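Numbering (full-length UniProt numbering), first residue to last: 1 to 922. For every residue, glycine included, the Cβ atom is placed at its ideal position computed from N, Cα and C. These figures come from a predicted structure and were not determined experimentally.
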């Protein structure tokens, strides 16, 4: 029997697309089988359907039982020795998947590292090794055509990986359609195989049309899983199909020259275009196209905190609070390959060759720092660039450039003017930083961890920091892999499911967009075209033109130009020429309203300190009522149907074209999704896996998150939004940070020049860290050790068909905070700026953790001000115009002093504090 299986598996191996595959050993005990299977995943991709058919059909319980696992022979399918070895000890498809994924990624890392600095060649190479799809003929040809002038090693490496992929047509499997039981499924099956070319499309369409999952017991699926659809033959697929990358297309409007803008659009709409080569030569190093190049870099490789585990560029390790674009094994290998190539005496660039002396003898440490910097790509939060400082470039070429072989007119200064025109240490990479190892030790680095760097998730899933925790703490991971959608067929940029995304139209001019949703299929769907924005229309300010997207100051106001409209903050100004009378009446509040706290609740769900402030911001008397918003009972009027339950849902809306209901009508769900774990605490102090489970149990929500002992007693706190909460847990669950203990009874000024206000009588809690240089959020009374963003936004862009809330915006921004030791809070200030705080969550944050939160804030601030697609792709965030940052820092180390009134962060325990020992072990 085993010999028969081995023969069958060798047959299957001839039609597989991925090299590594493995399978399983003769195991009589199913419990032993399960135990060993936990070791296997990562080596064998799920697209190897025939292999999985072999595995699934031989697992115990699927076919007839035997004394041993018949699936042993499947292991012979593996080309990789590691895959075969692990396979023989594995016990589930899930384990095998992880193993194959790991092997594929390692092979891809090695092959693509030979691309050096040639970004596009590397992108084509990486497409070959995606573990969620099989490489197509066009992708293989693109590598051959584009990379042949860069690296024969890369071509040979890729060829070894792809040469075992036979080319077959989907119509070769038409006979499988006859095995479908339902007639409509047979018809749909034939249509799908004749009209679709990729395995992914075929499988998804069959599942949708036939309404069944691919189970090996069903004859049709048994046939398909056994034949494994490969890509279409060359004659049926154009060598370079038009594939769109909407994320890159976002960047094209940032081009300063029409040539680079046109080429950017071409490479974004037709992924296989050879325009990439021209783009590299004419635009990639053009100093006037810095904003375009940095935008494309954000899409390809977003800046992330932290770098570790490099074996060649070791001086880049142990840097948890620095930003890098490409700290991974592939770039580490690429730097080593660059040094080998440069040792031949020539540095090859897309638009020039630079002759150098023997770099093994002339400043070898500097050259290594150069190679590693260009591959690992440290990026400054202000400029997001990854260029070496000009002075370093000139020094190294002056000493090590081979002047005898320089072309006519070439000098170190002229070369560096092209390669590294910047010499501001805030906007370029100073090499001396990476000539020595980091001053931080391994133990200190564990104070700040980066669960999603490197990314542990499949390429079609987003990695998110797990801030919700797990009900099963023994199997709790510090990250979550959430299914997502790519922004186009050729895009690697992901957004989470159900997100509403703004993408440029394929054919319209710059400024024309459509809004789509990320569907469960993993694709953008339900797209609706939006009115075009005239990005060429300037604003006239003081007789001068301001371009679309520019930010400027008018008196004390922050302003931005949007399609010819000047949008400014609404704070009150106190000019230098103001009279004594003006200064005497200036309170720092809108319309210089008195700082008395007589709160009113406005129709947008926000509590304002007085009716004067509400009127000043445009609310009519019928649009607000006296009292705090959270005191009102939104369910008192019984707005829901009889079969539904009214649940209060307090929120602050940023849109004013739709209602802002403070409640939700819910029915008692019949069944809850067990995979959707988002713990909630009820008013009895009991935790439930999700809101659904709480409603099913008929309980009342107290706050989101695990129940905390510190929040069992009613201890009112005042949030930065001027709202009183029962406990700090109630405030935290709404992403609101605490200003001071006790109910709200004072309002702080919005201006630093305002006179002493009612806040002078407020007893503020001590700072969470001694030596912290804190910030005071606008309208708040007490300082806090956090970094703060003040965001100017366009109200018109927030006016969508459904209300956009502060909480919605904060949930999206939270995805960009990659360090679990930091979290995001925020509120709508009383002058209608969006205030966002990135704060440490540890009870006594260390200087390193405070620095990490500051860097996270700087990163988000930069993404907003440069309108990076990583943010503006999201519909709510596309309304952001500009951001101003105030960052906390530490002057000297310290801890929380003993106090009966612990600061905000000492209360925010949640998952991260409870799981801190687990996180530090991971």
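Check                                                                                                                                                                                     : Outcome
Helix, strand or coil for residue 314 per DSSP?                                                                                                                                           : helix
Alpha carbon to alpha carbon, how far is residue 847 from residue 888?                                                                                                                    : 10 angstroms
Given this structure, state the Cα-to-Cα distance separating residue 865 from residue 638, to the nearest angstrom.                                                                       : 44 angstroms
On the DSSP letters alone, give me the boundaries of the beta strand (DSSP E) that residue 417 sits inside.                                                                               : Looking at the DSSP string, residue 417 is not in any beta strand (DSSP E); the run it does join, the alpha helix (DSSP H), is 412-419.
If you drop the 5 nearest sequence neighbours on each side, which residues of the same chain put their C-beta closer than 7 angstroms to that of residue 462?                             : 482, 484, 494, 496
Is the separation between the beta-carbon of residue 251 and that of residue 295 shorter than 8 angstroms?                                                                                : yes
Terminal residues of the continuous alpha helix (DSSP H) containing residue 368?                                                                                                          : 364-376
To which residues does DSSP link residue 353 through a beta bridge?                                                                                                                       : 348
Quick check: the stretch 529-541 against the stretch 838-853, are there 3 or more CB pairs under 8 angstroms?                                                                             : no
Using C-beta distances below 8 angstroms, list every residue in its chain close to residue 624, excluding the 5 sequence neighbours before and after it, in chain order.                  : 600, 601, 602, 603, 608, 611, 614
Tell me which residue opens and which closes the beta strand (DSSP E) that residue 337 is part of.                                                                                        : Element bounds for residue 337: not the beta strand (DSSP E) but the alpha helix (DSSP H), 329-342.
Would you check if there are 3 or more beta carbon pairs closer than 8 angstroms linking the stretch 557-565 to the stretch 579-586?                                                      : no
Does the Cβ-Cβ distance between residue 590 and residue 831 come in under 8 angstroms?                                                                                                    : yes
Closest to residue 539 by CA distance: which of 209, 386, 568 is it?                                                                                                                      : 568
Just to confirm, is the Cβ distance from residue 464 to residue 875 under 8 angstroms?                                                                                                    : no
State the Cα-Cα distance for the pair residue 627 and residue 783, rounded to the nearest angstrom.                                                                                       : 26 angstroms
With distance defined between alpha-carbon atoms, name the residue in 286, 730, 276 nearest to residue 257.                                                                               : 286
Between the stretch 654-663 and the stretch 737-754, do at least 3 Cβ pairs fall closer than 8 angstroms?                                                                                 : no
Across the stretch 831-845 and the stretch 810-822, are there enough close Cβ pairs to call them in contact, namely three or more that are closer than 8 angstroms?                       : yes
To the nearest angstrom, how far is the alpha carbon of residue 669 from that of residue 675?                                                                                             : 15 angstroms
For residue 359 versus residue 353, is the C-beta distance shorter than 8 angstroms?                                                                                                      : no
Report yes if the CB atom of residue 804 is closer than 8 angstroms to the CB atom of residue 826, and no otherwise.                                                                      : no
Beta-carbon within less than 6 angstroms of residue 122's beta-carbon, same chain only, minus the 5 sequence neighbours each way: which residues are those?                               : 112, 115
Within the chosen definition, does the stretch 369-383 reach the stretch 319-327 through at least 3 CB pairs nearer than 8 angstroms?                                                     : yes
Using 8 angstroms as the threshold, is the C-beta distance between residue 772 and residue 739 below it?                                                                                  : no
Could you tell me the alpha carbon to alpha carbon distance between residue 548 and residue 384, rounded to whole angstroms?                                                              : 21 angstroms
Would you decide whether residue 422 is buried or exposed? Buried here means 16 or more other CB atoms lie within 10 Å of its CB.                                                         : buried
Kindly indicate which three-state DSSP category residue 189 falls into: helix, strand or coil?                                                                                            : helix
Do you know how far the Cα of residue 786 is from the Cα of residue 766?                                                                                                                  : 13 angstroms
Examine chain D for any beta-carbon lying closer than 8 angstroms to the beta-carbon of residue 434, and answer yes or no.                                                                : Annotation note: the requested chain D is absent from the structure, which comprises a single protein chain.
Could you tell me the alpha carbon to alpha carbon distance between residue 525 and residue 716, rounded to whole angstroms?                                                              : 45 angstroms
Tell me whether the stretch 292-307 and the stretch 405-423 touch, counting them as touching only if at least three CB pairs, one residue from each stretch, are closer than 8 angstroms. : no
Among the candidates 203, 255, 178, whose CA atom is the shortest distance from the CA of residue 219?                                                                                    : 178
Quick one: grab the DSSP three-state call for residue 496.                                                                                                                                : strand
Rounded to whole angstroms, what is the Cα-Cα separation between residue 270 and residue 882?                                                                                             : 32 angstroms
Please list the segments of the beta strand (DSSP E) lying wholly inside the stretch 671-712, counting only runs of 3 or more residues, in order along the chain.                         : 680-682, 701-704
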